[in-house]
Structure formats: structure tokens, C-alpha cells
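Working notes for the structure below.
In the numbering used here, the protein residues as written are 92 to 421.
Set out below in C-alpha cells:
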């Protein structure tokens, strides 16, 4: 089997560490692994398949070596500067930041949804927002069969989505210490404020979900609105998603369709209190869907509850899945 030289940029962060872990778990054919970080974390030792690697400080010269694929998980400013450098060296970049997502020349990919877009890349493939990824995995099969007219997103997003600073704020709050990162205490609160507010009153996170969903589903006619909320949960995002279709559906048929869809686990037995939970999704790569019921306020609508691990499927695992698809063509 052919093997590949892989780089992980931002290797010591939450997503970067998980990328390395997922590469090992999924037995990705790695020949050589290069790990990069900021100067602060350079020198850190990390294990991969029984071998110890030393994390290097990221520099413009870092890509002057034989690397096939680079997974970027270091934030927008790093991606803006270093992704073009990597691409100029012939490296294919899978970028987890929002920097290139809405660039019309950059595929925005969730492999269960639009894998075919991967092979249209011009050196960069964008990993979508975590809350968008889990939603479209569940929405894609429904859109294909029933044609989605409108989506209303309401999210309940874990503090791990903010990285270490969010987790620290939650832990400090539970110990009675003041918050440092969030504008208000996260303990005993739900903060309807993820990322910065735009002029239209939406946050950047809400606009990401709206715009990315349309691009990934390749349908800009869908009407979408969103309210994204940070909640005092350590890991895994939960979403209440209201969907209106153009055509009628049989609810049992719809449930069966979801149960058979790639990447989806149907957990929908309310009589036994069985529905998707953050504690169920934690550490897993699937998207869990339940609480499926007709929205009786419109002609062809449903309500659904979608939960996934935002660090794994919402970031690291999705990127590795893209790489797995990519090497089919290398």
C-alpha cells in the first residue's frame, strides 16, 4: 500500500492533537509525519504509532520538504499566511479555519455529503464549521428526496468549540472563579453569542451555518436562519433543526432513510427516553439524530435533534476523511 507524508499544523491544539489521534485510529497510510506549532509549543513530544515526534516551530521554510498533504488546525491568521506557501510547494492543504470556505474556487467538503467536490481542488480543500458539518450529514439525504425549502437552526454548542479558553472558563466557573474568555459567565447560563456580531444582528457563527449549508448542499435557493448558543457542556454540539420541504413525506420512510444514511445513527425512541445526547456522541465520529416529528405549523415540515462530537466529526475526523478520499486520486 502506498503511504504519504503528512503534516499537521497546529498539532498541539485540541483539534490538531485529535487529528493525529484520528490518523492513527483510522490507520491512515502515513510514511512520514511532520508536526508544526507556534514557538510556544515547539519542542513538545507527541506519540504516533509507537514513535515519538518532536513538534517543530512553524516557519515559511517548514514546507521546503516532501509533504503530500497538510492538515491545518491553527486558526485563520496562520492559514491566511501559511496555506498559500504550502500550496506553492505542491502540497494539498485541508484547512480547518474559515479563511477559504466561501472562496468559490475552494471545495467545502463533508465526505458523506459531497465527496465528489474534493477532486476539483486547486490545492486547498476547506473543512466546514463544526456545527454545519453535523447538520448537513443529516440534511443531505432528506434534501435529495424531499427538496428542502427552509431551515431554522438553533444550536446548543459546547465550550470545547472555543478551545482551551472556553473549557477553562467553564471549569473556573464551576469552582466559583470569574470568567476570563466569555463576555458573561458560562456556568448556569446559555450565551446566544458565538463569534462576533455582524451589522445584520447575526453572529459570524450564524452566518457561517447559513452560507456553508447552501454551498455544501449546492442549493442557494434554500431559505435558512440560525441562532447559535454556547451552553455549559464540555464537549459535543446539539442542534434543534426545523426543516420545511417542498413535498410531502411519510415520517416512517423518512426515519428509515436517515437510519440507512452514511455517518448517521438514528436514536429516536422517546417512549423509552432514547434520543441523542452529548454524552452519547462524545468520542464518536457519527452524527446522532432523533426527536423526529412533524412540524404541524406548516404543510411539509419536521423537527429534528442532531448531536455530534464537535472536535472529532466537527473538525479532526472530517479532515482526515477528506484526506482518505483525496488519496484515491493521488
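Positions of the beta carbon are idealized from the N, C-alpha and C atoms, including for glycine.
Quick caveat, the model's predicted, so the values are computed rather than measured.
- DSSP puts residue 394 in a beta bridge; with which residues? The residue given as residue 394 occupies position 303 in the chain shown. DSSP lists 333 and 384 as partners of residue 394.
### Task
With DSSP as the reference, label residue 125 as helix, strand or coil.
Residue 125 sits at position 34 when you count from the first residue of the chain shown. If DSSP states are grouped into helix, strand and coil, residue 125 belongs with the strands.
Residue interval of the alpha helix (DSSP H) (run including residue 178): Taking the first residue of the chain shown as position 1, residue 178 is located at position 87. Taken as a continuous stretch (DSSP letters only), the alpha helix (DSSP H) holding residue 178 covers 167-179.
- prompt: If you compare alpha carbons, which of 419, 397 and 412 is closest to residue 246?
  reply: Working through the chain shown from its first residue, we reach residue 246 at position 155. Measuring from the Cα of residue 246, the nearest candidate turns out to be 397.
- Is it buried or exposed for residue 192, if we count other Cβ within 10 angstroms and need 16 for buried? Walking along the chain shown from the start, residue 192 turns up at place 101. Classification for residue 192: buried.
Review point. Any idea what DSSP makes of residue 285, helix, strand or coil?
Key: Here residue 285 refers to the residue found at position 194 when the chain shown is read from its first residue. Residue 285 falls in the coil class under three-state DSSP.
**OP:** Note the first and the last residue of the continuous alpha helix (DSSP H) segment covering residue 108.
**Re:** Counted from its first residue, the chain shown places residue 108 at position 17. Taken as a continuous stretch (DSSP letters only), the alpha helix (DSSP H) holding residue 108 covers 105-116.
Check your understanding: residue 273 by DSSP, collapsed to three states: which one?
Key -> Taking the chain shown and counting its residues from 1, the one referred to as residue 273 is at position 182. Correct three-state label for residue 273: coil.
- [ ] Can you tell me which of the three DSSP states residue 309 falls into?
- [x] Within the chain shown, residue 309 is the residue found at index 218, counting from 1. Reduced to three states, the DSSP call for residue 309 is coil.
query: Which stretch, first to last residue, makes up the beta strand (DSSP E) that contains residue 235?
result: Your numbering for residue 235 matches position 144 in the chain shown. Counting along the chain, residue 235 falls outside any beta strand (DSSP E), though it belongs to the alpha helix (DSSP H) covering 221-237.
By alpha-carbon positions, which one of 284, 176, 221 and 229 ends up nearest to residue 252? Position 161 of the chain shown holds residue 252. Residue 221 is the option with its Cα nearest to residue 252.
query: So, is residue 93 buried or exposed, given that buried needs 16 or more other C-beta atoms within 10 angstroms?
result: Indexing the chain shown from 1 puts residue 93 at position 2. Residue 93 is exposed by the Cβ-count criterion.
Quick one: Cα of residue 142 to Cα of residue 387, how far? Taking the first residue of the chain shown as 1, we reach residue 142 at position 51. Taking the first residue of the chain shown as 1, we reach residue 387 at position 296. Approximately 57 angstroms, taken between the alpha carbons.
| said: Which residue wins for smallest C-alpha separation from residue 157, given the options 169, 213, 182 and 165? | reply: Reading the chain shown from its first residue, position 66 is the one you call residue 157. Checked all of 169, 213, 182 and 165; the closest Cα to residue 157 is 182.
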